[in-house]
Structures are given as structure tokens and as C-alpha cells.
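Novice:
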Amino acid sequence: MDQPFLLTILVVLIGFCLAAFFITLEALFGELVEGITRSAEEKPGKAFWVGLVNMAFLAAIGIGLVGLAENSVFGIVLAVPGFLVGIFVAVGIVFGLAGMVRLIAGLVFPGKEGWKLQASGSGLVILACLVPYIGWFGLFPYLGLRGFGAFILYLMELYRAKRMRNQEESPA
Numbered sequence: 001m002d003q004p005f006l007l008t009i010l011v012v013l014i015g016f017c018l019a020a021f022f023i024t025l026e027a028l029f030g031e032l033v034e035g036i037t038r039s040a041e042e043k044p045g046k047a048f049w050v051g052l053v054n055m056a057f058l059a060a061i062g063i064g065l066v067g068l069a070e071n072s073v074f075g076i077v078l079a080v081p082g083f084l085v086g087i088f089v090a091v092g093i094v095f096g097l098a099g100m101v102r103l104i105a106g107l108v109f110p111g112k113e114g115w116k117l118q119a120s121g122s123g124l125v126i127l128a129c130l131v132p133y134i135g136w137f138g139l140f141p142y143l144g145l146r147g148f149g150a151f152i153l154y155l156m157e158l159y160r161a162k163r164m165r166n167q168e169e170s171p172a
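Next up, the structure:
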């Protein structure tokens with residue numbers, strides 16, 4: 001078969017898989033995705049900058065620990081925290097992208113709800129990120145960083161709420 005034809009089929013299949021993935025994340029972790037969406041919508045600039053700073057900081061820590069592990073006697077002791085930092089960043093980006101898909105879908109398709117909203121938003125974001133150069137190196141990193149920042153902001157909001165509940169419950 002022709003090489004560009006196979007590549008086109010592969011891209012379409014990956015697009016459907018990503019749309020199904022975002023729908024599944026919404027179904028399983030709807031409250032988390034909703035909170036991330038709310039954080040990204042209410043504080044777009046702050047979410048982006050928090051995502052950028054934390055991505056740079058956590059990437060430096062993770063890469064540094066894994067790099068040190070290669071040349072150290074304590075390789076596994078240093079590599080495990082480095083990989084855990086990488087896993088945290090990956091999970092944050094995935095949930096952040098799910099929140100950004102939901103945000104964009106709500107803005108573009110206000111009449112839709114449920115899985116149709118998420119599927120429409122996923123398709124739109126996937127196609128927009130497939131635009132050569134601008135989508136690859138502009139839109140996708142922006143959505144990832146803003147989503148990651150919104151993920152961190154929402155985790156901090158949950159932490160503060162839990163801390164306030166604990167302070168109210170415990171007598172001083």
C-alpha cells in the first residue's frame with residue numbers, strides 16, 4: 001500500500017482513540033476534570049504560568065535525578081523518585097488536556113452535553129493540534145501547559161479545602 005495512505009489511516013485511528021480516551025477520563029473522573037476545567041476557565045493566565053514554571057521545575061528535577069542515577073552507586077534510589085516525578089507530570093498533563101478539551105467543547109458547542117460534548121471537543125482539539133507547526137509547537141504546548149497548571153491549581157484548591165475542614169474539626 002501507499003505510505004501516505006497508511007499514515008492517514010493511522011492518524012485517524014489515533015484521533016478516534018484519543019477522543020475515546022478523553023470521554024473515558026470524563027466518565028471515570030468527572031469531578032476532577034470539571035475542577036480542572038473550572039480552574040483553567042477562571043484563571044487562564046495563572047494556569048498557564050503555573051503550568052510552565054512547574055513543568056520546567058519538575059522536568060529539571062526528574063531529568064536530574066535520572067541522570068544522577070546513571071552515574072551513581074545508588075542508581076535505583078535516585079531513579080525511582082525521578083520516574084515518579086515524570087509520572088506525576090504525565091498524569092497532570094493528561095488530566096489537564098481532558099479539562100482543556102472540556103473547556104473548549106463548552107465554548108464551541110454550548111448546546112451539547114455528556115459524551116457528545118467531550119467527543120466533539122476532542123475531535124476539534126485533535127484536529128487543531130494537527131495543524132503543521134502552529135498546532136504542533138504552539139497550540140498543543142499551550143493547551144498542555146495551561147491544563148497542567150489548572151491541574152496543579154485544582155489540587156491546591158482541594159488541599160486548602162481539606163486543611164480548612166481539618167482545622168474546623170479539631171479543637172484548638
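When we follow the numbering used here, the leftmost residue of the sequence shown carries the number 1, and every step to the right adds one. Virtual Cβ for every residue (Gly too), placed ideally from N, Cα, C.
Would you tell me roughly how many angstroms separate the C-alpha atoms of residue 12 and residue 143, rounded to the nearest one?
Specialist: Each residue's alpha carbon lies about 21 Å from the other.
Novice: Can we count residue 165 as close to the ligand ADP, meaning its CB is less than 8 Å from some heavy atom?
Specialist: Within the structure as shown, the ligand ADP is missing, as the structure has no ligands at all.
Novice: Excluding the 5 residues preceding and the 5 following residue 62 in the sequence, name in chain order all residues of the same chain whose CB lies nearer than 6 Å to its CB.
Specialist: Here the set comprises 82, 85, 86.
Novice: Alpha carbon to alpha carbon, how far is residue 169 from residue 134? Give it in angstroms, no decimals.
Specialist: Going by the C-alpha atoms only, they are around 51 Å apart.
Novice: Roughly how many whole angstroms lie between the Cα atoms of residue 138 and residue 112?
Specialist: Residue 138 and residue 112: Cα-Cα distance of roughly 28 Å.
Novice: Roughly how many angstroms separate the alpha carbons of residue 23 and residue 34, rounded to a whole number?
Specialist: Those two C-alpha atoms are separated by around 13 Å.
Novice: For residue 156, which residues of its own chain have a beta-carbon under 6 Å away from its beta-carbon, when the five flanking residues on both sides are left out?
Specialist: Here the set comprises nothing.
Novice: If you draw a straight line from the alpha carbon of residue 125 to that of residue 99, how long is it in whole angstroms?
Specialist: Each residue's Cα considered, the two are about 12 Å apart.
Novice: Among 38, 48, 2, which residue has its Cα nearest to the Cα of residue 141?
Specialist: Nearest of 38, 48, 2 to residue 141, Cα basis: 48.
Novice: Any idea if residue 118 is buried or exposed, counting beta-carbon neighbours within 10 angstroms, 16 or more meaning buried?
Specialist: By the neighbour-count rule (16 or more Cβ atoms within 10 Å), residue 118 is buried.
Novice: Using 9 Å as the threshold, is the C-beta distance between residue 43 and residue 150 below it?
Specialist: It is a contact, given that the beta carbons lie within the stated cut-off.
Novice: Which value, in whole angstroms, describes the spacing of the CA atoms of residue 123 and residue 114?
Specialist: Distance between the alpha carbons of residue 123 and residue 114: 15 Å.
Novice: Out of 159, 146, 167, 163, state which residue places its alpha-carbon closest to the alpha-carbon of residue 53.
Specialist: Looking at the Cα atoms, 146 is the closest of the given residues.
Novice: May I ask which residues mark the beginning and end of the alpha helix (DSSP H) holding residue 39?
Specialist: Segment 30-42, the alpha helix (DSSP H) holding residue 39.
Novice: In whole angstroms, what is the alpha-carbon distance linking residue 89 and residue 65?
Specialist: Between residue 89 and residue 65, the C-alpha separation is close to 15 Å.
Novice: Any idea what DSSP makes of residue 162, helix, strand or coil?
Specialist: DSSP places residue 162 in helix when its eight states are reduced to three.
Novice: Have a look at residue 28 and residue 16 and give me their C-alpha separation to the nearest angstrom.
Specialist: The alpha-carbon atoms of residue 28 and residue 16 are separated by roughly 18 Å.
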